[in-house]
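Take a look at the structure below.
Number of protein chains: 2
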Amino acid sequence: MRILVVEDEVAMAQSLRAGLTAEGFAVDVAGDGEEGLWYASEVDYDAIILDLMLPKVNGYKVCAQLRERDDWTPILMLTAKDGHLDEAEGLDTGADDYLTKPFNFVVLLARLRSLLRRRGSARPATLEAGDLTLDPATHEVRRDGRLIDVTPREFSILEYLLSHVGEAVTKQTLLEHVWDFDFDGGPNIVEVYVGSLRKKIDIPFGRQSIVTVRGAGYKMDPSGG
Amino acid sequence: MRILVVEDEVAMAQSLRAGLTAEGFAVDVAGDGEEGLWYASEVDYDAIILDLMLPKVNGYKVCAQLRERDDWTPILMLTAKDGHLDEAEGLDTGADDYLTKPFNFVVLLARLRSLLRRRGSARPATLEAGDLTLDPATHEVRRDGRLIDVTPREFSILEYLLSHVGEAVTKQTLLEHVWDFDFDGGPNIVEVYVGSLRKKIDIPFGRQSIVTVRGAGYKMDPSGG
DNA sequence: CGAGCTCTTCAGCAGACCTTCAGCCTGGAC
DNA sequence: GTCCAGGCTGAAGGTCTGCTGAAGAGCTCG
Chain A
1 MRILVVEDEV AMAQSLRAGL TAEGFAVDVA GDGEEGLWYA SEVDYDAIIL DLMLPKVNGY
61 KVCAQLRERD DWTPILMLTA KDGHLDEAEG LDTGADDYLT KPFNFVVLLA RLRSLLRRRG
121 SARPATLEAG DLTLDPATHE VRRDGRLIDV TPREFSILEY LLSHVGEAVT KQTLLEHVWD
181 FDFDGGPNIV EVYVGSLRKK IDIPFGRQSI VTVRGAGYKM DPSGG
Chain B
1 MRILVVEDEV AMAQSLRAGL TAEGFAVDVA GDGEEGLWYA SEVDYDAIIL DLMLPKVNGY
61 KVCAQLRERD DWTPILMLTA KDGHLDEAEG LDTGADDYLT KPFNFVVLLA RLRSLLRRRG
121 SARPATLEAG DLTLDPATHE VRRDGRLIDV TPREFSILEY LLSHVGEAVT KQTLLEHVWD
181 FDFDGGPNIV EVYVGSLRKK IDIPFGRQSI VTVRGAGYKM DPSGG
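Chains A and B are the protein sequences, given in the same order.
Numbering-wise, the first sequence is residues 1 to 225 according to this note's numbering.
Numbering-wise, the second sequence is residues 1 to 225 according to this note's numbering.
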């Protein structure tokens with residue numbers, strides 16, 4: 001899951017990045033509205049956390065412009081303390097939820113998760129493909145009920161593939177959603193991880209759930225292989 | 001367990017904070033109704049202690065507004081001496097219990113505990129995972145019936161883990177639910193406490209109930225290890 | 001006021017994990 | 001069959017996460 005944080009206060013931006021990264025999100029930070037719009041046009045984010053008070057282009061405008069462009073990425077707006085009057089306006093311009101500063105990180109996470117969930121229109125709590133299941137809450141991966149031990153990075157990749165079951169996902173996309181923005185390694189690292197995932201979730205079970213689509217990346221077999 | 005106290009009398013607020021903190025709760029204090037509503041919207045409290053007589057927005061209104069927002073956090077209302085007439089109204093607006101001033105702290109604790117218990121829809125009075133039990137009322141931790149001596153902080157952590165059995169709980173989450181709002185230490189302190197908890201509840205019994213989930217925190221084994 | 005307990009910080013360590021790289025394999029074009 | 005780009009894999013190193021013991025600060029109680 002890749003999140004864009006548009007926030008000019010360095011301290012806030014840093015702590016958001018740290019916290020969200022710790023939660024397993026890949027995070028990009030933009031320092032003003034203009035930069036935010038540009039990032040959003042370049043990368044397909046899973047959600048955007050948008051401060052209202054921004055240099056150059058303020059939050060409302062960023063939000064409005066995105067929607068005008070037909071970009072419906074969920075937006076969580078951050079407003080200053082006394083944001084009562086602004087609430088209506090914020091939601092009007094197309095934000096999906098808003099949060100007043102200062103806020104508790106747990107709250108932000110909860111809201112963010114609820115946005116991400118809502119988007120996929122009632123995505124089930126556990127991701128599945130045949131007898132392969134992944135539970136984000138317990139961080140457990142199972143095949144045929146048997147628990148499989150995976151590393152954090154393997155978990156993230158599998159989570160992404162399972163939430164796009166049946167679609168061919170390019171290595172580039174995986175790099176962008178699972179790794180941090182400033183990661184500059186090549187696509188080979190994805191191959192390495194897919195390889196090690198296969199060794200854990202497919203080979204021991206004689207399955208083939210992660211299918212290589214030459215030139216187009218990988219695809220999770222809806223039947224689980 | 002994190003409690004919000006909405007109370008304008010400084011002395012009362014202080015003593016509630018002191019007493020509840022001593023019992024291992026994390027406590028936030030709001031000085032008036034408006035502030036209380038704001039806190040409640042930002043943080044996911046386990047319960048709210050709400051004075052009736054408040055500046056700006058009184059207790060009834062706070063209560064009503066919370067329920068209107070679909071916030072069903074248990075509320076314990078504090079009313080003035082002659083509160084007979086108010087009782088019905090208080091419960092009507094959505095408070096879960098009420099208490100007339102002056103009251104005994106032990107009584108308040110008992111009511112609060114009963115609220116917290118009730119909330120989880122008949123959550124058992126004692127939290128359990130296999131033969132490991134924790135009784136919030138008596139502050140006792142037992143394994144296989146044998147009493148184990150734990151410090152307040154250790155108790156809080158164990159309580160949180162036991163009330164989220166099976167889920168991976170982030171260190172950040174523990175920091176936010178077990179420590180006070182303004183604590184700014186790093187996650188290492190959680191590691192230290194988990195270490196000392198393990199030395200008390202796991203190692204002497206040859207068990208492993210608190211499982212480390214690399215990159216995602218800790219998880220209480222439902223079977224108790 | 002001192003003893004004892006708890007809380008918190010810190011630095012060092014071990015092991016898990018991440019990343020890179022070189023060499024090999026495979027599928028498709030010709 | 002040959003060639004090539006794309007994909008796979010095992011090994012090696014460096015980095016990071018989590019664990020631990022120690023030590024000082026703060027608090028409570030006698």
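The beta-carbon is built from N, C-alpha and C at its ideal position, and this holds for glycine as well.
Here the structure is a predicted model, which is why all the values come from computation and not from measurement.
Which chain A residues sit within Cβ distance under 8 Å of residue i?
i, result
"B:G225", "Neighbours of B:G225 on chain A: none; closest Cβ ~15 Å, over 8 Å."
Among the options, which one has its Cα closest to the Cα of residue i?
i, options, result
"B:L76", "B:K56, B:T100, B:F25 and B:E128", "B:T100"
"A:G130", "A:G166, A:D180 and A:D28", "A:G166"
"B:T173", "A:A110, A:H164 and A:P136", "A:A110"
"B:R214", "B:D97, B:T73 and B:A168", "B:A168"
"A:G217", "A:L54, A:K171, A:L37 and A:A18", "A:K171"
"B:R2", "B:S15, B:E35 and B:V43", "B:V43"
"B:V194", "B:E176, B:K219, B:G206 and B:D70", "B:K219"
"B:W38", "B:L66, B:I49, B:L20 and B:A18", "B:L66"
"B:W72", "B:A18, B:V6, B:D51 and B:A47", "B:A47"
"A:P152", "A:V178, A:Y60 and A:A40", "A:V178"
"B:P226", "B:R113, B:R142 and B:L50", "For chain B, the structure presents residues 1 to 225; residue 226 of chain B sits outside this window and is missing."
"A:L116", "A:H139, A:E140 and A:S163", "A:S163"
"A:I210", "A:R69, A:G36 and A:L132", "A:L132"
"A:E68", "A:L54, A:S15, A:P55 and A:S41", "A:S41"
"B:A95", "B:M53, B:L78 and B:F105", "B:L78"
"B:P226", "B:E128, B:V141 and B:E176", "With chain B covering 1 to 225 only, the question about residue 226 of chain B has no answer from this structure."
"A:G34", "A:S15, A:N58 and A:R17", "Here residue 34 of chain A is Glu; the residue named in the question, Gly, does not match the sequence. With distances taken between Cα atoms, A:E34 lies closest to A:N58."
"B:F103", "B:D180, B:L197 and B:S15", "B:S15"
"A:Y60", "A:L20, A:V6, A:G19 and A:I189", "A:V6"
"B:L20", "B:R142, B:G36, B:L108 and B:A30", "B:L108"
Would you mind reading off the limits of the alpha helix (DSSP H) that contains residue i?
i, result
"A:K171", "K171 to V178"
"B:V194", "N188 to I201"
"B:A64", "G59 to E68"
"B:R153", "P152 to L162"
Got a sec, what are the start and stop residues for the beta strand (DSSP E) residue i sits in?
i, result
"B:Y45", "Neither: B:Y45 is in no beta strand (DSSP E) and is coded neither H nor E."
"B:L20", "Not the beta strand (DSSP E): B:L20 falls in the alpha helix (DSSP H), residues V10 to A22."
"A:G217", "G217 to M220"
"B:M77", "I75 to T79"
"A:V165", "Where A:V165 is concerned, there is no enclosing beta strand (DSSP E), given that its DSSP letter is neither H nor E."
"B:L132", "L132 to D135"
"A:L127", "L127 to A129"
"B:T100", "D97 to T100"
"B:L4", "R2 to V6"
"B:D149", "Counting along the chain, B:D149 falls outside any beta strand (DSSP E), and DSSP gives it neither H nor E."
"A:R143", "E140 to R143"
"A:D28", "A26 to A30"
In chain B, which residues lie with their C-beta within 8 Å of the C-beta of residue i?
i, result
"A:T138", "G166, E167, A168 and K219"
Output, in chain order, the set of chain B residues within a Cβ distance shorter than 7 Å of residue i.
i, result
"A:G19", "Q172"
Which residues of the region 149–167 of chain A have a Cβ closer than 8 Å to any Cβ of chain B? Give them in chain order.
Shown in chain order are the members of the region 149–167 of chain A whose Cβ falls below 8 Å from a Cβ of chain B: T151, P152 and F155.
Going along the chain, which residues of the region 172–195 of chain B sit with their C-beta nearer than 7 Å to a C-beta in chain A?
Answer in chain order: Q172, T173 and E176.
Please name the residues in the region 206–220 of chain B whose beta-carbon is closer than 8 Å to at least one beta-carbon of chain A, in chain order.
So the list reads V213, R214, G215, A216 and K219, given in the order they occur along the chain.
Validate contact between the region 152–167 of chain B and the region 9–25 of chain B using beta carbons, cut 8 Å, 3 pairs
Yes, the region 152–167 of chain B is in contact with the region 9–25 of chain B.
Check whether the region 170–186 of chain B and the region 199–210 of chain B are in contact - that is, three or more C-beta pairs closer than 8 Å.
Flag = no, the region 170–186 of chain B and the region 199–210 of chain B do not touch.
Determine, using beta-carbon pairs with one atom in the region 8–18 of chain B and one in the region 129–147 of chain A, whether at least three such pairs fall under 8 Å.
Result no; under three Cβ-Cβ pairs closer than 8 Å.
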